[in-house]
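**Student:**
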Amino acid sequence: MWRNPSTTLIKPCTVFLALGLSLAGCSSGGPYFVAEDEPWRRDAEMACLTSGAVRPTPWIAQAQALGGPSVCGALQPFEVHAAVGGRVGLKPDAKVQCAMIPAIETWLAQVVLPAAQRNLGQPVVEISIMSSYSCRPMNGIAGGRLSEHGHANAIDVGAFTLADGSKVKVLTGWRGPAHEQAFLREVHDGGCRVFMTVLGPDHDRFHRDHFHLDLARHGGGKRVCK
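All you need for our numbering is the position in the sequence shown, starting with 1, plus 55.
(1) For Q236, collect the residues of the same chain with a Cβ closer than 8 Å to its Cβ; drop the 5 residues on either side in sequence, then sort them by chain order.
(2) Just confirm the distance between the C-beta atoms of V151 and P132, as a whole number of angstroms; I'd bet it's less than 8 Å.
(3) Below 8 Å on the Cβ atoms is my contact criterion, and I expect C103 with A154 to pass it. Report the Cβ-Cβ distance as a whole number of Å.
(4) To the nearest angstrom, how far is the alpha carbon of V166 from that of D269?
(5) What separation, rounded to the nearest whole angstrom, lies between the Cα atoms of F113 and D148?
(6) List the endpoints of the continuous beta strand (DSSP E) containing V144.
(7) Per DSSP, K224 forms a beta bridge with which residues?
(8) Compute the Euclidean distance between the alpha carbons of Y188 and A99, then round it to the nearest angstrom.
(9) Taking C-alpha atoms, which residue in Y87, Q177, S183, G275 lies nearest to G144?
(10) DSSP state of M56, grouped into three classes?
(11) Looking at C-alpha atoms only, which residue of T252, G176, R200 is the closest neighbour of H234?
(12) Inspect the beta-carbon positions of F215 and V249 and report whether they are closer than 8 Å.
(13) Starting from M101, follow the alpha helix (DSSP H) in both directions and report where the run begins and ends.
(14) Applying the criterion that 16 or more other CB atoms from any shown protein chain within 10 Å of the CB defines a buried residue, is G80 buried or exposed?
(15) So, helix, strand or coil for M155, using DSSP?
(16) Just confirm the distance between the C-beta atoms of V223 and P256, as a whole number of angstroms; I'd bet it's less than 8 Å.
(17) Would the beta-carbon of G205 fall within 8 Å of that of V89?
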C-alpha cells in the first residue's frame, strides 16, 4: 500500500537548520522557501494509508517519487485521473497524498455534482487541475512559506467541463452569468465543509482564476474560507 519514506522523499538541493524548527531550500531550481518541521503531516498520512481508505483503482494509481527537496513530497503519493466511480475526470492527473483523495471524492460527489445539476441543469464530467504537487513557496514568491502543494496536500481547480462539452471557468464565471456565479459560489462555499482551506477570486489576485483547496491544519482546528 505504501513504501518506506526513504523511497519517496528526495534529498534536498539546499537545506539550512535554524533553531531546529525551520528549513530553507530550493524548489528544483525555483524560488527558495521556508518550511517547518510538522510531525502531524507524517502521522495523518500514515493514518490514511493504514486505514485502507484509499486503494489503487482504474482511476487511482500509486505514484513514483515526486522529486524536489526532501521537505517536499509524501510518504506514498498517488496519481488521480478520475473520481466518483470514474464519472468525473481530473485533467491533468492530480498528484496528491492519501487524505486528499477522499476529500476530493466527497467534494465532487456531494457538492460539485449537485450544484451543477441545480444551477446548470447538467453534470460536471471533468475538472481542470491547474496545479497539484509542486515543490515551491506559496504563490511562487521567493522566501515564502512552503506551499501545501509542496506536501502534495492541495489542488487548484480552474474550470469545470459539463456533459455538453461547455466549460465554466473560475476566471470568467465568478463575475459572469448569474447561473455560473451561483454554481461557482456554491462549489466554493461547499468546499469549505470538506477542505481546511478554500481560496478563490475574492481572496487575492493570485487566485483570480482558480479555487485552491487543501487540508492544511490551522490553529485551533479552524477552517480558512475566502
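Glycine included, each C-beta is placed from N, C-alpha and C at the ideal position.
**Tutor:** According to the data block:
(1) G228, W229, R230
(2) 7 Å
(3) 4 Å
(4) 16 Å
(5) Going by the sequence as given, residue 113 is Pro instead of Phe. One C-alpha to the other measures close to 13 Å.
(6) Checking the displayed sequence, the identity of residue 144 turns out to be Gly instead of Val. From DSSP, the beta strand (DSSP E) with G144 extends over 143–151.
(7) A214
(8) 17 Å
(9) S183
(10) For M56, the pLDDT reaches just 38, beneath the cut-off of 50, and the residue's location in the model is therefore unreliable, leaving the point undetermined.
(11) G176
(12) no
(13) 94–106
(14) Note on G80: pLDDT 49, under 50, position unreliable in the model; no value is reported.
(15) helix
(16) Actually they are not in contact, since the Cβ atoms of V223 and P256 sit about 13 Å apart, beyond 8 Å.
(17) no
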